[in-house]
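Down below is the structure, laid out as C-alpha cells.
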Amino acid sequence: MMISLTIDDRQIQVAGGTSLLKACLDSGIYIPHICFMEESDRSPASCRLCWVEIEGHSWPVTACTVTIDHPIAVKTDTPAVRHLQRSALQLLLSVHRVECKKCPANRQCVLQNIARFLEVGLKPGRLQRRLKEPDVDGSHPYLDHYPNRCVLCGKCIRVCRNHDNRTALTFAGRGFHTVIRSFGRFDSDTVACDSCRACVEICPVGALVIREA
Amino acid sequence: MDMVLDPQEESALKQIETELADWGNERSRLIPILQMIQERMDFLPPRAIEVVAQHLGISASEVFGVATFYNQFRFTPPGKNPVKVCLGTACHVRGADIILENFERKLEIKEGETTTDREFSIDRVACVGCCALAPVALIGEIVHGKMAPSKVEGLIMRCQIEKEMAERASRKKETGE
Amino acid sequence: MNNGTLRQRYQKLKAEADRRRKASEEAPGAKIRIGMATCGIAAGALETKAAFEKEIAARGIQAQVQTVGCNGHCYAEPCVVIDHPDSGFPPILYPEVSPGKATMLAKLFLQGFDPRLEHILGATVENDMIPAVADFPRFHLEKRVITQKCGKIDPEDIYAYIAEGGYAALTDCLQQRPEEIIAEIKAAGLRGRGGAGYPTGNKWELARGAAGSEKFVICNADEGDPGAYMDRTLLESNPHQVIEGLIICAYSVGAAKCLIYVRSEYPLAVRIIRTALGQASDAGILGESVLGSDFAVEVEVFEGSGAFVCGEETALIRSIEGHRGMPKHRPPYPALAGLWGCPTVINNVKTLATIPPIVTNGADWFRQIGTQNSPGTAVFSVVGNVTHPGLVEIPMGTTLRSLIFDVCGGIPGKKAFKAVQIGGPSGGCLSEAFLDTPIDFDSLTKAGAMMGSGGLVIMDEENCLVDVSRYFLEFTQKESCGKCTFCRIGTHHLLEILGRLTTGDGSMEDLDLLQGLSEDIKAGSLCGLGKTAPNPVLTSLRYFAEDYRAHAQEKRCPGLTCRALMTYYIDLAKCAVGCEACVGVCPVEAIFTTSNRKKGIDQEKCVKCGECRVVCPPEYDAVEKVSPPGLAPLVERPAEPRKQN
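So this is what it looks like as C-alpha cells:
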C-alpha cells in the first residue's frame, strides 16, 4: 500500500513498511547518516545523525527507526535537528584523527560529507580531542585497522562473511574503549579475507585497509 | 595471542573440552559456558575462547567480542588473594577511593593488575551490596566491612602470615612424618 | 480445569506446612533466629551462629539455631531474635551480636533467664514487659507489603513460606481466567518497580494480546545500581514470593517459560533461588502441571555477567541470547517482540513480589496504600551518611524528610544534611528544598530525579556534589555499552570535564559545556541508560550551582572532599604534647613532631586519607580540614628530628 508523506515542502508516495530514512534517500532528500544499511531489516540506530522532526512529536527522532505505516509530515531542517546532528558529528570528530591527506577515504569520507552538509569544519569545537592507542591495530593477518578513524558504525561486521558463513570481525571491549577486532587463528580454508574486501569497501571512513604485502 | 598455561591449567582446559558436549551448542549457551570456564580456571585463556567458538560453531572473534563486553570475564589470571575494593555509591561517599589507593600503594600494583609473585591482584567492583557496612573490601570471598586505610596493611599481612604458616606446615609434613 | 483438585493440592501443602511449623514451635527450648543474608554474613553472622552453637552444645542448653533472611536493619547487623518462652520474655531482637555477645547471651539469657536489657533493640511483639520495636518510628512508619516476610522466615524452606499463606494467591489465580487477573492488577494501579513506573497490568495485557504461541516472562534481578541492594535482599530473604508472582504473571500472559536474570555477583541470591525453584518443583508448584492444573510452566535462572546496561530490557534480552548486551531501538517493545522475537514480559523483582499480596488482599486494599497515581509501597536501600542505613519499605507519598530523619535517624555526627541522591546513576541529586517532596514516581520525575531502582544515598555537608556527579559519570561512562555516539563519546567528555573541576583545572566555561553536552546526551542517546546518564550532572548543576562555581572559580571544594582542593593540618593550639595517636595510623609517615613536641603534617607526603582526623582523641580534636589548601598554616618540620632512645 502506498502512503503519502509530506517531507519539508515535498509530497512523496512510499510503500508502507519502509523506513522513513530510506524513503527520504530514495526520493533524493539527503539526511545525514552513517550506520544505516538498506539491506538490513532493523537499523542499529547507533550513529545518531539521521534526526528529523515529525509533526505531533515534541522532539526530533531518528529517521531510520521510523517505519511508515500512516501519512506523516516531516521536517528535515529545523534548528533542533541541526543542533543534534552537529553535536553528534562533533562528538565523532572529537575521537577522530583528522589527517585526511593520508587517508584512503579522503574526498569520499562520510565525515567530510556530513561536515560540508552541516556547514561545519572538522574541528571538535569546544571538546578536546581524545585519541586511542595504538593508532594502528595490525593483529589481523590481512588488514590494518585504524581505531582513530573508525566511527564504530559496525557495517564491516555486518558484511563480513567467511567461507563458513562466520564473521571474522567483532566489536570488542565496551563503552568508550569499544574497538573493531578480530580474534583467533586464521587459516585460509575458512577465512576469506585474502580475497574478500567487503569490509574495506563498505567502511565509510577508511578505517580498514588491506595491508601491503 | 599464545599464552603458556601451567600444567594444572592445561589439564583443566582439557577436561573442560571433554565436557563441553553436555552443555549444548545453542548460541544462548555461550555466556553460561564462559562462566563455567572462568569459574574453574579463574580466567579465560585465549585457547579457551577458540575451544568454545569451535564447540558453538561461531567464530572466535564473536566469542571474544561477547567475553570482552562483560565485567565478569578476565583474560589474565588473578592473584591467589584477589583483593576487590567496592566502589559502590555508599562506599564512595565514605572514602572507598582512599582504600583502593592504599591497597595499590602497599602492594605496589594498580587496579586490574597482579603482583609479580601472583599472590595478590586488585580489582574494583561496582557494588557488592553491603552498603550499610561501607566502605567494603573483599579478599577472596571474605567481606571486610567498615574498612579504614589503616586496616589495609593488617589485612595484607594476615594473608602473608597465613601463607607462611601453610608453607611451614607442609614442610613439617614432608620432613617430619 | 478441576478447581476442586487444585484446592485439595494446595490444602495438602498447607497442612504439611502447618504441621511443620507447629512441630517447630512446640519443640522445647529457645529459638535463635539469625539474619543470614549477604549483609548479615558480611557483618559476621556466620561467626555469631558458630558462637551460639558452640555455647549451646557446651552448656547442654535446649535451643535451636535457625537462619532467616534480612529484616532490613543493616545498621544493626548481625541481627538476632531470641524467642525464649521459658524465660517468660517475649521474642527479643538484639542488634550487633558479635560472637562474644552471643556467648554471653547463651550463658546469661538462654541459661540464666536474664535478657540483658541493655543490649536489646526491642521485643518483636507487643507486651507488658519491654518496649516493642513496633513503637519505634522506623517500624511504625514503614509499611511492609513486599518485604513483609523478610527476616521472619527461612528462605531455604518452602514450607515456611506456605505456612505464612504463601502460594494461596497462585491457587486463587489458577481458578480465574487470565483476563480477570490482569484486570485486577490494572485496577490496583501497580506500576513497575524497576524505575520508569510503566503500568504492570498494561504490559501484561499487551503481551497476552500479542500474536504468537510462545511467550516468555523474565524476572529482572540484574540490580546494577551501585548503591542499591533491595532486589538481592528480597531474593535472599523470601525468594518464593517472587517466584509466586512470576508464575502468576506467566499464567496471566500465557507463557510457559520464565527466566530469572540475576547478577552473578550475587552468589548467595543465585544459590537461594536455585534451592527455592527445586523445592517448588518438588512440591508440584512448577512443572508440567502446576498444583495439579493443566497449566505448565518452567523457570530457569540466567546469571548476568556484569553489565549495568543489561538492566535495560532489550540489552538484557540480547545477553540471554548470547550476544553483547547492546540495546536496540524501541519500539518494537519486548512485550510484542522480545526474547527470540517472541512476546516477553520483563518485570522487576519487587514488581513480581507485589503481585501475591495484591491478589490475596485485592486491588482496593492496594490502592489504599500510597498515592492516587503511585499506589503501594516503595522499597529503598538508604545508605551514605545516615544514622540507620538499611532497607526500608514505606508507603508511596511519604516525604523525603520523614524517610531520612524519622525512619533512618537523620545525619550522624552533628553534621548538616546537604543532599539526597535518588535513583542511582540515572537519578538526580536533590537539595534541602526538596525534603518535603512526596516520594512517588511523578513528583520525583518532576524534581529532575527519578524513582529508579530504589537506591537512596544521603550526603552531609562534608560531601561534594561535583565529586558525586563525577562518581556517577565515571560509573555510567564505564558501563556505557559503546553502541551509540552520544553515550559512548559524550559521557567520556562529561567525565573529563568533571574530573577537571575536581582537580581545580576547570573553568566557568566548562560549566556551560557541561550543561549543553548533558542536554544533548539526554536528547540524542539510543537507550534509557544514555538518556538518563546526565541526570546527576543536570540536577546538581541546577540545585548545587554554588558547589560548581566554587570549584571552577575559586578552586575551592565547599564539601572539603576533592583531595586536590583541600588539605589537612593540625591545629597546634589544640594538639596535645606527647600524644602519638595520629602518627601510628598515617599510612605514609607524613606526620612529624614539631619543635614544641606537637604534631605537624608534611604536606608533600600527605595522601589526604583523613585517618589522623579519625583517631585524634575527641578531647583534642586537633586535625582540621581546609579548602583551598593554601589556607592551611605552614608548619615546618624541625631540621633535626628529635631522636628517641
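Chains as they are written, first to last, in my numbering: chain Z, 83 to 295; chain D, 1485 to 1661; chain B, 49 to 693. Even for Gly, the Cβ is constructed at its ideal location relative to N, Cα and C.
Boundaries of the alpha helix (DSSP H) in which residue i is found, first to last residue
{"i": "residue 133/Z", "result": "Element bounds for residue 133/Z: not the alpha helix (DSSP H) but the beta strand (DSSP E), 133-136."}
{"i": "residue 578/B", "result": "576-580"}
{"i": "residue 591/B", "result": "583-591"}
{"i": "residue 70/B", "result": "51-74"}
{"i": "residue 165/Z", "result": "161-175"}
{"i": "residue 1573/D", "result": "1573-1577"}
{"i": "residue 187/B", "result": "185-189"}
Separation of residue j from residue i, as counted between CA atoms
{"i": "residue 256/B", "j": "residue 268/Z", "result": "48 Å"}
{"i": "residue 282/Z", "j": "residue 142/Z", "result": "33 Å"}
{"i": "residue 1545/D", "j": "residue 361/B", "result": "25 Å"}
{"i": "residue 174/Z", "j": "residue 205/Z", "result": "10 Å"}
{"i": "residue 345/B", "j": "residue 246/B", "result": "25 Å"}
{"i": "residue 640/B", "j": "residue 193/B", "result": "57 Å"}
{"i": "residue 162/B", "j": "residue 140/B", "result": "12 Å"}
{"i": "residue 72/B", "j": "residue 280/B", "result": "28 Å"}
{"i": "residue 394/B", "j": "residue 217/B", "result": "20 Å"}
{"i": "residue 406/B", "j": "residue 529/B", "result": "37 Å"}
{"i": "residue 136/B", "j": "residue 1612/D", "result": "41 Å"}
{"i": "residue 135/Z", "j": "residue 408/B", "result": "48 Å"}
{"i": "residue 1506/D", "j": "residue 633/B", "result": "54 Å"}
{"i": "residue 234/Z", "j": "residue 261/Z", "result": "7 Å"}
{"i": "residue 280/Z", "j": "residue 239/Z", "result": "10 Å"}
{"i": "residue 296/Z", "j": "residue 138/Z", "result": "With chain Z covering 83 to 295 only, the question about residue 296/Z has no answer from this structure."}
{"i": "residue 444/B", "j": "residue 491/B", "result": "11 Å"}
Where residue i falls: helix, strand or coil (DSSP)
{"i": "residue 443/B", "result": "strand"}
{"i": "residue 478/B", "result": "strand"}
{"i": "residue 141/B", "result": "strand"}
{"i": "residue 351/B", "result": "strand"}
{"i": "residue 1485/D", "result": "In this prediction, residue 1485/D has a pLDDT of 45, which is less than 50 and means its spatial position is unreliable; nothing more can be read from the coordinates."}
{"i": "residue 1499/D", "result": "helix"}
{"i": "residue 89/Z", "result": "strand"}
{"i": "residue 1554/D", "result": "coil"}
{"i": "residue 130/Z", "result": "coil"}
{"i": "residue 84/Z", "result": "strand"}
Element boundaries [beta strand (DSSP E), containing residue i]
{"i": "residue 459/B", "result": "Here residue 459/B belongs to no beta strand (DSSP E), and DSSP marks it neither H nor E."}
{"i": "residue 499/B", "result": "Careful: residue 499/B lies outside any beta strand (DSSP E) and carries neither H nor E."}
{"i": "residue 268/B", "result": "264-269"}
{"i": "residue 94/Z", "result": "92-97"}
{"i": "residue 262/Z", "result": "261-263"}
{"i": "residue 290/Z", "result": "290-292"}
Any chain Z beta carbon closer than 8 Å to residue i
{"i": "residue 106/B", "result": "no"}
{"i": "residue 1542/D", "result": "yes"}
{"i": "residue 54/B", "result": "no"}
{"i": "residue 371/B", "result": "no"}
{"i": "residue 537/B", "result": "yes"}
{"i": "residue 640/B", "result": "no"}
{"i": "residue 1595/D", "result": "no"}
{"i": "residue 64/B", "result": "no"}
8 Å Cβ cutoff, residue i in contact with chain B
{"i": "residue 1485/D", "result": "For residue 1485/D, the predicted model reports a pLDDT of 45, less than 50, meaning its position is unreliable and no value from the coordinates is stated."}
{"i": "residue 1591/D", "result": "no"}
{"i": "residue 260/Z", "result": "yes"}
Test: residue i CB closer than 8 Å to a CB of chain D
{"i": "residue 128/Z", "result": "no"}
{"i": "residue 255/Z", "result": "yes"}
{"i": "residue 220/Z", "result": "no"}
Residue i at chain C interface by Cβ criterion, 8 Å
{"i": "residue 124/Z", "result": "Absence of chain C from the displayed structure is noted, the protein chains being Z, D and B."}
query = Pairing CB atoms from the segment 421-429 of chain B with CB atoms from the segment 100-119 of chain B, are three or more of them under 8 Å?
reply = no
ask   = Quick one: any contact between the segment 350-359 of chain B and the segment 1509-1528 of chain D, if contact means 3 or more CB pairs under 8 Å?
value = yes
message = Three or more C-beta pairs under 8 Å: does that hold for the segment 98-112 of chain Z against the segment 504-522 of chain B?
response = no
inquiry  = Pairs of beta-carbons, one from the segment 1553-1569 of chain D and one from the segment 1596-1608 of chain D, closer than 8 Å: are there three or more?
reply    = yes
ask   = Is it true that the segment 441-451 of chain B meets the segment 204-219 of chain B, where meeting means three or more beta-carbon pairs spaced less than 8 Å apart?
value = no
query = Is the segment 1615-1627 of chain D in contact with the segment 1575-1584 of chain D, if contact means three or more CB pairs nearer than 8 Å?
reply = yes
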